[in-house]
Amino acid sequence: MFTVPGKGYSLPEPIQLLDEKRIAAQIEHGRVTVLPVIDSTNQYLLDRLNELQSGDACVAEYQQAGRGRRGRKWFSPFGANLYLSMYWRLEQGPAAAVD
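In UniProt numbering, the protein residues as written are 1 to 99.
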């Protein structure tokens, strides 16, 4: 952000917001939900576990109540990063994912 004399402030580049149609066009497995604001992308998926298919994802511009590792507070400025959670069913358990 920088100052513009007599006008206020400006961003050096325009913010590129998430485009659900463009994202969905690139996905081969599952569905994507794009939201501007959400408490937690992970909680969104957990609340819908019985409806999810492997590969379903939730993406947001901003998380209000996201958690970091070990329960730490998660800072998520609007439009600055990618906040994403994905559901993937491992038919043979988590150990099969690392083979």
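All C-beta atoms, glycine included, are put in the ideal place defined by N, C-alpha and C.
- In the displayed model, residue 73 falls within a strand according to three-state DSSP.
- Under the 10 Å beta carbon count, residue 56 is surrounded by 16 or more other beta carbons and is classified as buried.
- Within the same chain, and ignoring the five residues on either side of residue 39 in sequence, the residues whose Cβ sits closer than 6 Å to its Cβ are 64, 65.
- In this structure, the beta-carbon distance from residue 59 to residue 82 falls below 8 Å.
- Per the coordinates, the alpha-carbon of residue 25 lies some 10 Å from the alpha-carbon of residue 31.
- Going by C-alpha positions, residue 45 is about 11 Å away from residue 54.
- Judged by their CB atoms, residue 34 and residue 27 are not nearer to each other than the 8 Å cut-off.
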